[in-house]
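Count along the sequence shown from 1, add 7, and you get the number used in our numbering. Note that beta-carbon positions come from the ideal geometry of N, C-alpha and C, so glycine has one too. Remember, it's a predicted structure, so these values are computed and weren't measured experimentally.
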Amino acid sequence: MVLVTQQKKYLLMARGSSHISYFKHFADASQLDVHVIKVNAIPFLPSHIPSLKLANNVNVERLLIPHLAKKECKHPKLAKSFLWNTYKKLSRFFIKCDIAKCAALIDKPAVSE
8 MVLVTQQKKY LLMARGSSHI SYFKHFADAS QLDVHVIKVN AIPFLPSHIP SLKLANNVNV
68 ERLLIPHLAK KECKHPKLAK SFLWNTYKKL SRFFIKCDIA KCAALIDKPA VSE
């Protein structure tokens, strides 16, 4: 009798290079089947549009608080200019696109090798 176990596959996604580096080191050091993806390196495709609905379920404002606080400290003139509201709207849009890309990647059926 041969016992065949199905190995789980893991997908680690991040936007920042520091997280990607950490995830890659983890993947290399582990015996797990780990795939690392840098989300903002993937272009937004028309196939991701249906996943944008899922971004509405995420509190994007909460995700942006630390990012905007850091930008405000680093670029105080920008934060006080008329461009600040435009920057915040663009940041919201790009985060929603990244959420849609992640959701589309997770929802994508696994390809058998």
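In this structure, the straight-line span from the alpha carbon of residue 89 to that of residue 82 is close to 13 Å. The beta carbon of residue 61 sits closer than 8 Å to the beta carbons of 106, 107 and 110 from its chain, once the five residues preceding and following it are set aside; these are given in chain order.
Taking 8 Å as the cut-off, the beta carbon of residue 18 is found no closer than this to the beta carbon of residue 102. For the 8 Å CB-CB criterion, residue 71 and residue 98 form a contact. The C-beta separation of residue 63 from residue 22 comes to about 19 Å, leaving the pair out of contact by the 8 Å criterion.
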